[in-house]
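Heads up: the protein sequence lines correspond to chains A and B, in order.
In terms of the working numbering, the first sequence is residues 584 to 1338.
In terms of the working numbering, the second sequence is residues 584 to 1338.
Ideal Cβ placement from N, Cα and C applies to all residues, glycine included.
Data block below; observations after.
Number of protein chains: 2
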Amino acid sequence: MNLKNIITNNHLEAHFKKGYFGIEKEGLRTDEKGNLAMTDHPKAFGSRSHHPYVQTDFSEAQLELVTPPQETLAHQYEWLKALHDVVNQTIAEDEFLWPFSMANILPEEAWIPIIKVNDQSEMRYREKLAEKYGKKKQMISGVHFNFSFTTELLDLINKHSDSDTTRSEWVNDIYLKMSRNFFRYQWILTYLFGASPVSHPSLLDSSGIGPVRSLRNSKYGYHNTFSKNVSYESIENYIRDIEELVEKEILYEEREYYGSSRLRGTGKNVRHLLNNGTRYVELRSFDLNPFNPMGFSYEQSLFVHAFLLTMVWMDEDNRDEDIKRGLEMNAETSLENPYSYSKFKEEGLSIIEKVRETSQELALNEEYTPAIDKATHLFHHPEETLSAKVMDKLKSNYSYIELGNELGKKHKQLSMEKPFLLSGFESMEMSTQLLMFDALQLGIKTEVLDANDQFLAFDYKGKKEYVRNGNMTSKDSYISHWIMANKTVTKKLLRKNNFSVPDGSEFSDLEEAENYYDIATEKAFVIKPKSTNYGVGITIFKQKPKKADYLEALNFAFKEDDSILIEEYIEGSEYRFFVLNGKVEAVLFREPANIVGDGKHSVEELINIKNQHPYRGEKHRAPLAKINIGELEAMMLKEQGYTFDSIIDKDKKVYLRENSNISTGGDPIDVTDDMHASYKVVAEEIARTLDVKVTGLDLIIPELFRPSSKNNKGYSVIEANFNPAMNMHAYVEKGKGRRLSMKVLEMLYPNVELS
Amino acid sequence: MNLKNIITNNHLEAHFKKGYFGIEKEGLRTDEKGNLAMTDHPKAFGSRSHHPYVQTDFSEAQLELVTPPQETLAHQYEWLKALHDVVNQTIAEDEFLWPFSMANILPEEAWIPIIKVNDQSEMRYREKLAEKYGKKKQMISGVHFNFSFTTELLDLINKHSDSDTTRSEWVNDIYLKMSRNFFRYQWILTYLFGASPVSHPSLLDSSGIGPVRSLRNSKYGYHNTFSKNVSYESIENYIRDIEELVEKEILYEEREYYGSSRLRGTGKNVRHLLNNGTRYVELRSFDLNPFNPMGFSYEQSLFVHAFLLTMVWMDEDNRDEDIKRGLEMNAETSLENPYSYSKFKEEGLSIIEKVRETSQELALNEEYTPAIDKATHLFHHPEETLSAKVMDKLKSNYSYIELGNELGKKHKQLSMEKPFLLSGFESMEMSTQLLMFDALQLGIKTEVLDANDQFLAFDYKGKKEYVRNGNMTSKDSYISHWIMANKTVTKKLLRKNNFSVPDGSEFSDLEEAENYYDIATEKAFVIKPKSTNYGVGITIFKQKPKKADYLEALNFAFKEDDSILIEEYIEGSEYRFFVLNGKVEAVLFREPANIVGDGKHSVEELINIKNQHPYRGEKHRAPLAKINIGELEAMMLKEQGYTFDSIIDKDKKVYLRENSNISTGGDPIDVTDDMHASYKVVAEEIARTLDVKVTGLDLIIPELFRPSSKNNKGYSVIEANFNPAMNMHAYVEKGKGRRLSMKVLEMLYPNVELS
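The following block contains the structure:
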C-alpha cells in the first residue's frame, strides 16, 4: 500500500500532520563549582519508583525529565518548561542542572553514585552497565524526542487501505520507513543541533580531538559496542536482531539497545511489536542545547517534526545498507570542525528542500517556516550552528566549566524569579499553577482538562481526582457551594446555628428598602449588593445618614444586583480564615496599600521602591499588586496632609488606600500563629456547620485579645467564600507564607508517599 | 412603662408593625355526599405523630392544617394555600374538606372515629373529651390565628425601657393587654367574619334558633363549661386560674382551656410563661370562611393584624370585668340575625376608626386600607357579611349540605386543576414546587431559604438537607457539577472510561476550526457552542457541506460562546435517561410537536384542541408547552404539502417542528419500562463514572432492539446534564409519569417514615 496515496486520495493530510509528542531530557545535578552533585535525589519528589515526570537514570545525580505525550508541540514544550520549573525549585538551592551533554566535573569513577532505589534488579542492571561501559560514559546526557501519529489517522488509513496487511503490520511499516530514512539523514540534525564540541577532561580528554560538532554523536559518545547494525527492513528482522543480541549476551537486556531510532510498543519486549504494532518512535540523537533553559528549543522541535514527516512522506525509501551509510555520515559529521561547512552540504540542502516541500504539501502552519529557513541558513553559515556558538563562548575567556556554570545558573534563575508562576501554564490562574506545581513535584499525574476553566485531573496510583480553580474538589458538596454563593442563605444558616452574624435584611424592592430607613439607621450599617464579591456597590454608614444619602446608597447597590443587603456594620479588623479539611490552615490580615517613611524618599519614590518587589506585578501574573500612583491615592494623601512629593518621617506609616484589597496594592500579612485559638475554633465550627471542606471565612474581630466565648462571641462573620484565594496566603508581605495548594493535595491524597 | 411612648420616642414603628404570623385551620374530610368521611387518615402523609403541617385533631376525619410561623401575612397565606393543595391532592379522590365550621352529615355519636394514633395518653385524653362534651361538638371546626411581635422589637424595647420590670414581665404585659382588649372587642370580628348561621341537624338542630351570625361563637358552639372566666389582669392570675381549673379537675389538662385568646409560651405548661414570657398569642374565635378555598381570606388576615396592633396601641386598657362584658357582647352578636344591623354598631364603627388611626400612625402599607374600609362598610351593610351571604345561598334552593358540597368540591377542584403548581409558591420553578409539595406531604419541615434561587431547606427529625433547583443536593460533589458543566471535560472523561462518545474537537480559534474542515466532513457532524444548553447556535450537517456553509455554521456557533465543538453527528433517536442515586428512574423520548389527524378537523383546529390540555401552558407555568401556530410550523407543514387548513387523514401523524424540545410543543413520552436494560446499565455506569447522584444523560440509540454490548455499544452519549429537568418526566403525553422529586427526597431521607 502507498501511504501517501491513501492520505492524499482521502484528504487525510490534516490527520497526518497531527501527532503525539513527548520529550525525555537528561541532566546532571551540579554543585556551585561545576562538580557532579554528590547529594541524594530530593525527597520532595515523593516516591521515585512511581514518579511519572522526574526520574533518575543511571546516576543518583542524573535527572530525567519526562513530558507526558501531548497533542501538540506547543503543549509538549509547555510541559518541558513546567517540569524545569519544578525541578529547578526542588533541587538544593546551591545546585543546578548541567547545560551540556558532556558531563560536568566528574569525581573518580568509583565515587560516581549509581541511583539509590529499592529495586535490586534495577541496581544490578546499572552495575553491569557501569562495568561494561564505565560509569563516566553513562553521565553523557541528551534529549529523546518521542513521536507517534494519532490513532484517528491510523484508524482512517486502516479503513481506506485495501491491502491484506494487518493494521499492526503496516503501522510498523510506517515507523520502520521513518526510522530507516531517519538513520540515513540524521547527520543533518547532528550538523544543525550538535552542541557538544568539547568535554571536561574528567569525562574525556578532548584536547587531542579538537572542537567538533558533537562528541556525543561521535565514536567518543555512549553507544553500543557491537559491530553489526540492527536491521530496520522489517519488523521481524528488527525483533530478531535485538533478541539475538540479548541471547548472545552482547546486550544485558533489550533496553540496552541504544539505536538512534527505537520502536516502542506495549510492554517491555520488542516481540510485542509484532502483534500490537509500534506505539511510538524514540529518537535519541539530540545533544542538549546549552543555550536553551530546557536543553531543546521549540524551534528545534518544529524542525524535527517536519523532518520526521518528510522521512515518511518522501518517496525515497532506504535499506539497511543505506542506514549503514547514514551512520557513517553521522559519525563523520559529528567530528567535523564546528566552523567548517558540512562535507555533505549539498545533500543536506536538498533534504531540507524536501522538508520544505513536504511542509507545503501538508500545509503545516506558518510556525514551521522559520525553523526550516533557519536550517537552510545554517548550512550556509556553519559559524551559527550550536556547536560553533559554544566554541565562540569558549574562545572568549571562558573555560568549559565556567561556561556550563554560567549558563546552568542562568537557566535555573529563570525558574526562581517568579516562583508563583509555572512556566508553560502562566495563562491559568495562579492558584491552579501552584496546585499543578505541587502535583508535578509530588509525582501526581496531572492533566489539564481545560485551561480556560482551570480544570485539572489528577491520578495517583489509579485514584482520580478533579480540581477546578485550585480548590474546588470532590470533597465539597454541590449544595454547600450554593449556600455560600448566597449571602442571605449563609447568614440564615449561621444565625440559626448561633454564630454571630451582623443583623440585616435582604431587599429586592427599592421602596421596601427605603422604608427600612428607620430600622437600618439604628446602628452603624452597610448597604451592599447581594451577590457580587469584589466590594463594588458597597456603602458604609458609621453615623446615621440623611435620607437622601441613604437613597443614593440604595441605588448604588441596586445597580450591581437585583437584591441588596442592608446590614449592621461591625467595627474592627477583618481577618480571612482559610479553613481546609476541618482545620484553619491560614489566617490573613489585609492591610490597605501603604508605605513606611525613611526620612529621605518621597512618597512616590517609596511606592516605586515597594513596587519593585518581584511579588508585585500585573493582575493574575503576581500574587501582590503594585500600588497605583493615581487620583484615589492622591486624595487619600491629601486628607493626611501629604502629596506624592512629601518626604515621610522615618518609620511613619502612610496609607494610600482606605480599602484593604490586595488587588489595589494592599499587604497580605500572615497572622496564623498569632490568632487566638478560640477564633480558630469558631472558624472550624462554621466550616463544619456549612459542611464545607474548603472555605475562606471573613471575620470581624474588634478586640483581638478578648477570646471568643459562648456568651461573648467577640467576632462577627461577614462572609463565607467558596473557592477562596490561595496565593495571597502563599506570598505575604509579613509573616509566614502558607502553601495551601499542597494542603489541597494532602486532602485529596492523604496517603501520598513522600519519599 | 408606656409601650407606645417607647416606640414613638425611639422610632420603632417599623419594628412594631412586623411580626410572626401563623394559621391553624381545621376541616372535616367529607365524602361525595356530604357525610363525614369514615376512611383512615391518608398514609401518604407519613408519620402522623411527627407531621408539622398536617395533623388530625379530635377525629380521624378532622384535619388540622398548620402553617409554620411566617414573617409576613403574605407568606402565611402562601403557606396556607400550599397546604391546601397538598391536602386536597392527598385525600381520597372522592373526598373533600368541608367548608363550614359547623359539621357535615355526622353519623351516630358512636360511629364518629376518634383519631387513630399509637400514643395511649392522647387517645385517653380524647375519650375523656368525648365523654364530657360529646363527640359531635368536637367536630365544629375553625381557624386559629397565631401572632407574635419580632424578637428585634422586643429586644429594642427592652433596651430602651428604663423600668425595673424584667423582659419576660413586660412581654407578658404586652400580650395580656392585647388579649384583654381583644376579648372586649372580639364581637366585632364575629360580626364581620361569623359564618356559621345554621347547622345540619346531625350536629345541632338549629331550626329553632333561626339563622344567626355564628353558631360556633354562640352558646351552641364548643366551649369550656366552667362559669368563672380566666383572669387576664396579670400573668400570675392567668397561670393561677388555669392551674386551679386543672387542680379542681374542671379541666383534664391545661390545653383544654379554650379561651378566645391563649398565651403560648415554651413548653406545655402555662407556668413557664412566668419566667420565659409569652411566645405568641393564639386567637381562636374565627369561623371557617366557606367562600374562601382556604377557609380564611388574606383580607381577613390583614384586618385581624391591624385589629391586634390596635388592641396594643390604643390607650384604653380593659380589666377582667370588661372581658366579661366583651364575652357577653360576643355571645349576643353571634346570635343576631345575619341581615340585621349590629346592636353595637356605634362601638363597632368607633373601634374600626381606631384601627384606621393606628394603621395610619404606624404607616401600615396600603394593602390594609381596603380591609379596614370593608369592615366599616359591613357595619353599614350587614347583608354583605359572610353569614348573610351564606344565608343568601341557602335561600336560593340550596340545602346546607348541598351548599357545603358545592363549595367544598369547588375549592378542592382549584387544587386539582394544575397539580404541577404549588399554590402560593408558583413563582418558583416547577421542579422546586413539586419537590416542596412532596416534602410538605411527607411532613418534612420545609423552609424557602431563597425563592429566587429555588433554595429550600429541609429538616426531618433534625436531619437537615438543602436543595437548590429541585435536585441540587449535598449528595453531589462540587466538582462533578463542573465536570458536567464542561462538555469537553465530560467527553474526555467518558471516552477515557470507554463509553461511546461522538468524535470531535473543541475550538476557541476560528482559523483552527476552519482548518478542521477536512477532518470534520469525513462523517455527518454537528457544530455547536461549547456551553449553551438550549439548542441555540447548533448546525447539523448530515452531508458534506460546502466550505462556505461550514464557515457560516462556525460563525453562528461562535456567536454563542468563545469555544465551539465540532462533533460527529450520530443518527438515531435521542433518549433522556434520568439517573438518580445510582438508578435509572426514568427514560424519556421527546417527540417533536405534532398532531394526529382525525379526517375531520383542520391542522389548526387539531393544534388548538391539543393545546387545551391543562398540562400545556405558558413557560414555567405548565409542564408542556402549547404548539405555536407560527412561521416555522407553517414551513414545516409546507414541506409536507399541508397548510394550517388541511384536513389530515385519520390516525396520520403530522409534525410541526423538526426539533423535539418540550418548550416548542414537543411531547414527552415515557419509555422507562420499554428501554432495553443494557442501556440502563450503561447510563448507571456513566453516572458512577462521573461520580454523580443526579444527572440527565442524553443518549443517541440508533437501533433500539440491538442491546448494548462491550464491543458493539449501540449508543452514543451526547450530553450529561446536571440539574436535569424533572417536570417533563412527571407530566407526560404518553406513558407513565414519574415523580422524580419524591425520589430526590427518598435519596436525602432514606429512612423517612411513610406511615
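Query	Result
Which chain A residues are close to B:VAL1072, counting only those with a beta carbon under 7 Å from its beta carbon?	LEU1032, ASP1033, PHE1038
Can you tell me whether DSSP reads A:ASN618 as helix, strand or coil?	strand
Count the other CB atoms within 10 Å of the CB of A:GLU1216; is the residue buried (16 or more) or exposed (fewer)?	buried
Please report whether the beta-carbon of B:TYR1332 lies at a distance below 8 Å from any beta-carbon of chain A.	no
Count the other C-beta atoms from every protein chain shown that fall within 10 angstroms of the C-beta of A:ILE771, then say buried if there are 16 or more, exposed otherwise.	buried
Looking at the C-beta of A:THR1056, does it have a partner C-beta in chain B at a distance below 8 Å?	yes
Take A:SER797 as the anchor and find which of A:ALA1169, A:VAL700, A:ALA1034, A:TYR774 has the nearest alpha-carbon.	A:TYR774
Within 8 Å (strictly less), CB to CB, does B:ASN741 reach chain A?	no
Are the C-beta of B:ASN1069 and some C-beta of chain A separated by less than 8 Å?	yes
Counting only beta-carbon separations shorter than 8 Å, does A:TYR1133 have a partner in chain B?	no
Within the 8 Å Cβ cut-off, does B:LYS1064 reach chain A?	The question names Lys, but residue 1064 of chain B is His in the sequence shown. Yes - at least one Cβ of chain A is within 8 Å of the one on B:HIS1064.
Given this structure, state the Cα-to-Cα distance separating B:GLN672 from B:PRO1002, to the nearest angstrom.	8 Å
Anyone know if the C-beta pair for A:GLY717 and A:LEU1025 falls short of 8 Å?	no
DSSP state of A:ARG823, grouped into three classes?	helix
Is B:HIS855 helix, strand or coil by DSSP?	helix
Give me the Cβ distance between A:SER917 and A:GLY791, rounded to the nearest whole Å; I'm assuming they're in contact under 8 Å.	That pair is no contact at about 16 Å.
Assuming the contact rule is C-beta atoms closer than 8 Å, B:TYR768 and B:HIS806 should be a hit. Round their C-beta distance to whole Å, please.	In fact, because the Cβ distance is near 19 Å, the residues do not count as touching under 8 Å.
Drop a sphere of 10 angstroms on the beta-carbon of B:ARG845, count the other beta-carbons inside from all chains shown, and report buried for 16 or more, exposed for fewer.	buried
Taking any Cβ of chain B, which residues in the stretch 1119-1132 of chain A have a Cβ under 7 Å from it, in chain order?	none
Do B:PRO1251 and B:ARG1173 have their CB atoms nearer than 8 Å?	yes
What is the DSSP secondary structure of B:VAL1327, reduced to helix, strand or coil?	helix
Rounded to a whole number of angstroms, what is the C-alpha to C-alpha distance between A:ASP890 and A:GLN653?	In the sequence as displayed, the identity of residue 890 of chain A is Phe instead of Asp. Rounded to whole angstroms, A:PHE890 to A:GLN653 spans 18 Å at the Cα level.
With burial defined as no fewer than 16 other Cβ atoms inside 10 Å of the residue's Cβ, what is the status of A:GLN1037: buried or exposed?	buried
Does the beta carbon of B:SER1060 sit closer than 8 Å to a beta carbon anywhere in chain A?	yes
Would B:LEU1328 and B:ASP975 qualify as a contact pair, given that the criterion is a beta-carbon distance under 8 Å?	no
Can you tell me whether B:ARG750 is helix, strand or coil according to DSSP?	helix
How about A:VAL754 and A:LEU1023: do their beta carbons lie closer than 8 Å?	no
For chain A, check one thing: does any of its Cβ atoms lie closer than 8 Å to the Cβ of B:LYS719?	no
Whole angstroms is fine: what's the gap from A:SER1338's alpha carbon to A:GLU615's?	Its pLDDT being 44, under 50, A:SER1338 is placed unreliably by the model, and the measurement read from it follows with that caveat. A:SER1338 and A:GLU615: Cα-Cα distance of roughly 25 Å.
For B:GLN638, which of helix, strand or coil comes out of DSSP?	strand
Is B:GLU985 near the ligand NAP, in the sense that its beta carbon is under 7 Å from a heavy atom of that ligand?	No copy of the ligand NAP appears in this structure; indeed no ligand is present at all.
Scan the stretch 685-701 of chain A for residues whose Cβ lies nearer than 7 Å to a Cβ of chain D and list them as they occur along the chain.	Among the chains of the structure shown, chain D does not appear; the protein chains present are A and B.
Using alpha carbons as the reference points, say which of B:LYS715, B:VAL1277, B:LYS1317 lies closest to B:PHE809.	B:LYS715
On a CA-only basis, which of A:ALA620, A:ARG847, A:ASN875 is nearest A:LEU663? Give me that one, please.	A:ASN875
Is there a Cβ from chain A that is less than 8 Å from the Cβ of B:TYR1099?	yes
Can you name the residues of chain B whose CB is closer than 7 Å to the CB of A:ILE1102?	ALA597, HIS598
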